[in-house]
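Written out below as structure tokens is the structure these notes cover.
Numbering (this note's numbering), first residue to last: 219 to 385.
Structure representation (structure tokens):
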């Protein structure tokens with residue numbers, strides 16, 4: 219009924235945010251694989267570009283971003299399905315993390331691929347545009363970080379007030 223509409227819509231948005239985070243993680247994984255494969259095969263100065271320290275560091279940073287996003291996405295899906303953790307908080311954390319990671323990984327993949335990555339027809343450029351679109355869906359990373367801060371700070375203030383009353 220109408221009295222349940224807000225709860226149902228809120229739950230649907232949380233599920234959507236968690237699923238979008240999972241999709242972003244999958245797309246970021248694809249881009250990382252693409253960048254690593256390219257770095258192994260593209261030769262510069264007679265050796266693969268993946269052997270250069272700057273490229274290694276960029277790929278390592280991309281992996282760290284990806285694994286962080288993957289962990290938060292898994293946690294959001296678990297929190298929504300299990301219900302033992304705050305699904306709103308988990309979904310916002312996942313969306314903020316995965317959205318930012320996907321955007322960075324898409325940008326860095328283009329950097330690793332060089333000029334070929336920014337041609338309109340290349341998959342890296344298409345994923346870059348997808349990352350920009352996904353970043354605006356269901357709230358930006360900044361909006362989700364703000365929601366997380368509001369939820370955490372509201373809880374912290376409530377806990378502090380309860381502790382003051384108890385003493």
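Note that CB positions come from ideal geometry on N, CA and C, so glycine has one too.
Could you work out which residue in 265, 305, 281 is closest to residue 225 when comparing CA atoms only?
Mapped onto the chain shown, residue 225 falls at position 7. The shortest C-alpha separation from residue 225 is found at 305.
Can you check which of these residues, 248, 330, 256, is closest to residue 288 by C-alpha distance?
On the chain shown, residue 288 is found 70 positions in, with the first residue counted as 1. Nearest option by C-alpha distance: 248.
Quick one: what's got a C-beta closer than 7 Å to residue 257's C-beta in the same chain, skipping five residues either side?
Within the chain shown, numbered from 1, the residue matching residue 257 stands at position 39. Excluding sequence neighbours, residue 257 sits near 266, 267, 268, 273, 277, 330.
What do you get for residue 326, buried or exposed, if any count of 16 or more other CB atoms within 10 angstroms of its CB means buried?
For the purposes of this step, residue 326 is identified with residue 108 of the chain shown, where counting begins at 1. Counting Cβ neighbours within 10 Å, residue 326 comes out buried, since at least 16 surround it.
Tell me whether the beta-carbon of residue 359 lies closer than 8 Å to the beta-carbon of residue 350.
Residue 359 sits at position 141 when you count from the first residue of the chain shown. Residue 350 sits at position 132 when you count from the first residue of the chain shown. No, they are not a contact pair.
Rounded straight-line distance, which links the Cα of residue 297 to that of residue 242:
Residue numbering aside, residue 242 sits at position 24 when the chain shown is read from its first letter. Residue numbering aside, residue 297 sits at position 79 when the chain shown is read from its first letter. Their Cα atoms are separated by approximately 18 Å.
CA-CA distance, residue 280 and residue 294?
As a working note, residue 280 is residue 62 in the chain shown. As a working note, residue 294 is residue 76 in the chain shown. Cα to Cα, the separation comes out at about 21 Å.
With respect to the alpha helix (DSSP H) encompassing residue 241, which residues constitute its N-terminal and C-terminal limits?
Position 23 of the chain shown, counting from 1, holds the residue named residue 241. Per DSSP, residue 241 belongs to the alpha helix (DSSP H) from 223-259.
Span separating the alpha-carbon of residue 355 from that of residue 263:
Indexing the chain shown from 1 puts residue 355 at position 137. Indexing the chain shown from 1 puts residue 263 at position 45. Distance between the alpha carbons of residue 355 and residue 263: 42 Å.
Is residue 370 buried or exposed, if buried means 16 or more other CB atoms sit within 10 Å of its CB?
As a first step, residue 370 must be located in the chain shown, where it is residue number 152. Exposed: under 16 other Cβ atoms inside 10 Å.
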